[in-house]
Amino acid sequence: MSKYEPLWRYIKDNKKEEYKITYEEIRSILGFDLDHSFLKYKKELLEYGYEVVRISIKDKYVLIHEIERGL
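Our numbering runs 3 ahead of the 1-based position in the sequence shown.
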């Protein structure tokens, strides 16, 4: 199990089309701060039907979109 699994489940379970989730919210869900490994693990989110669109270091948020389903 990935250390980011609780975040992926949170995103999947809340079923929103878009998330603009702050670093603070992520810390609250995971119990630790985002680190550089997030760049490696973010591809796991594709398995849940979502993708990371933007990571803003300056404004401290991550933008996540639901992947559009095929026809």
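Don't be surprised by glycine CBs; every beta carbon is placed ideally from N, CA and C.
Rounded distance between the beta-carbons of E20 and H68, thought under 8 Å: 7 Å
Per-residue burial, V65 [other beta carbons within 10 Å of its own, 16 or more giving buried]: buried
CA-to-CA distance, K45 to H39, given in whole angstroms: 11 Å
Proximity below 8 Å, CB of G52 to CB of I29: no
Beta-carbon spacing of T25, K63 below 8 Å: yes
Residues of its chain near D36, where Cβ-Cβ distance is below 6 Å and the 5 sequence neighbours each way are ignored: R30
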